[in-house]
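Here's the structure we're looking at; comments come further down.
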Amino acid sequence: MEKYDPRDAIIEEKFRKIKFSVLVGSGKGGVGKSTIASILALSLSRKFSVGLLDLDVHGPVIPEIFGLENVEPKESKKGLIPPEKYGVKVMSLGFFTEKEPIPMRGNAKTDAIKEILAITNWGPLDFLVVDLPPGTGDETLTSVKYVTNSKGAVLVTIPSKISLSVVERAIRLFRELNVSILALINNMAYYSLGGEKISILGEAHVEELARKYGIDEVVEIPIDPKVSKAIESGSLELIFQSEAYVKTGKIVEKLEKLVEKQS
Ligand SMILES: Nc1ncnc2c1ncn2[C@@H]1O[C@H](COP(=O)(O)OP(=O)(O)OP(=O)(O)O)[C@@H](O)[C@H]1O
Ligand SMILES: [Mg+2]
Numbered sequence: 040m041e042k043y044d045p046r047d048a049i050i051e052e053k054f055r056k057i058k059f060s061v062l063v064g065s066g067k068g069g070v071g072k073s074t075i076a077s078i079l080a081l082s083l084s085r086k087f088s089v090g091l092l093d094l095d096v097h098g099p100v101i102p103e104i105f106g107l108e109n110v111e112p113k114e115s116k117k118g119l120i121p122p123e124k125y126g127v128k129v130m131s132l133g134f135f136t137e138k139e140p141i142p143m144r145g146n147a148k149t150d151a152i153k154e155i156l157a158i159t160n161w162g163p164l165d166f167l168v169v170d171l172p173p174g175t176g177d178e179t180l181t182s183v184k185y186v187t188n189s190k191g192a193v194l195v196t197i198p199s200k201i202s203l204s205v206v207e208r209a210i211r212l213f214r215e216l217n218v219s220i221l222a223l224i225n226n227m228a229y230y231s232l233g234g235e236k237i238s239i240l241g242e243a244h245v246e247e248l249a250r251k252y253g254i255d256e257v258v259e260i261p262i263d264p265k266v267s268k269a270i271e272s273g274s275l276e277l278i279f280q281s282e283a284y285v286k287t288g289k290i291v292e293k294l295e296k297l298v299e300k301q302s
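In the numbering used here, the protein residues as written are 40 to 302.
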């Protein structure tokens with residue numbers, strides 16, 4: 040039997056104030072999960088109150104992407120207050136680990152995830168975007184289990200056969216966990232050169248995979264130097280000029296309808 044953990048009730052209480060959580064996952068590492076999570080949070084923040092939670096236990100990069108690497112979250116009676124930038128409240132396991140490697144195993148990872156969920160005081164939010172740990176292991180399961188409010192997943196792949204077979208495992212996992220998949224993102228799908236789309240990372244059939252699992256939204260995002268520059272430099276204003284920002288608009292519309300239905 041699972042041991043009683045007083046944090047469980049605290050986590051549930053915190054999530055009662057958050058209308059909807061968007062879980063950004065991939066199965067495979069390095070496909071642009073943190074990038075997409077950041078773009079989605081920025082897009083949503085134009086209209087809504089938004090938090091971005093980085094649960095990547097081994098490589099939490101959200102503080103760097105947001106240029107918040109030297110910031111420490113402030114404490115309050117009700118928990119830690121996430122620093123805010125570009126209108127997004129940001130919390131990351133990275134705020135507590137600096138640049139040290141994080142040699143965590145099984146239980147310690149689950150514990151770190153539960154701890155950050157319990158201590159963060161988001162206050163009321165429309166959306167919480169969650170950058171999930173890579174893979175389909177325990178950390179992902181814990182993250183999905185303890186995000187206790189209404190939620191949906193956005194899964195990210197690149198157009199290579201290898202990435203697609205791994206994202207299929209993630210799709211199956213989310214279905215088993217009864218989390219609906221709002222969109223499949225084919226990131227770095229092509230590079231635009233003089234109006235022509237050039238395949239660089241592969242031409243795997245992302246649409247076909249989406250159809251097989253009844254996912255009705257596939258969003259193709261090109262390889263875009265504006266995106267990599269914004270992510271690398273921590274100057275996220277550039278994102279608003281990117282095609283990626285325009286393309287994620289469809290997901291934002293879908294999310295908007297979901298919270299409208301709720302209220
Ligand atoms: N559409 C894009 N155009 C250009 N560069 C991109 C794009 N998407 C992601 N990148 C770049 O690819 C790199 C990896 O992206 P990111 O860190 O978001 O991947 P990840 O899936 O979160 O990786 P990890 O598994 O390590 O968490 C980053 O340097 C990012 O700037
Ligand atoms: Mg990442």
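Cβ atoms here follow ideal geometry from the backbone N, Cα and C, with glycine treated the same way.
- Rounded to whole angstroms, the gap between the alpha carbons of G253 and A80 is 25 Å.
- With a cutoff of 9 Å on beta-carbon distance, G68 and I260 are scored as not near each other.
- Taking the Cβ of S131 as the reference point, every heavy atom of ligand 2 lies at 8 Å or farther away.
- Nearest to T287 by alpha-carbon distance, out of A48, R85 and D44, is R85.
- Set against 8 Å, the gap from the CB of V168 to the closest heavy atom of ligand 1 is not smaller.
- Taking a contact to require three or more Cβ pairs closer than 8 Å, the region 52-68 and the region 180-198 qualify as touching.
- According to DSSP, residue pairing for F166 in a beta bridge involves F59 and V89.
- In the DSSP assignment, N225 is bridged to T196 and E259.
- With a threshold of 16 other beta carbon atoms within 10 Å, E111 falls short and is exposed.
- Going by C-alpha positions, P172 is about 6 Å away from E178.
- Under DSSP, L119 forms a beta bridge with E114 and T159.
- Buried is the label assigned to Y284, since at least 16 other Cβ atoms lie within 10 Å of its Cβ.
- Secondary structure of G241 (DSSP, three-state): coil.
- The closest heavy atom of ligand 2 lies less than 8 Å from the beta carbon of K72.
- The alpha carbon of I75 has as its nearest neighbour, out of E299, E114, K296 and A269, the alpha carbon of A269.
- Only exposed fits N109, as fewer than 16 other CB atoms lie within 10 angstroms of its CB.
- Using a 10 angstroms sphere on the CB of A147, the tally of other CB atoms stays under 16, which defines it as exposed.
- Scanning F166, T196 and K251 for the CA closest to the CA of A228 turns up T196.
- The three-state secondary structure of L232, taken from DSSP, is strand.
- K236 has its alpha-carbon roughly 45 Å from the corresponding atom of E154.
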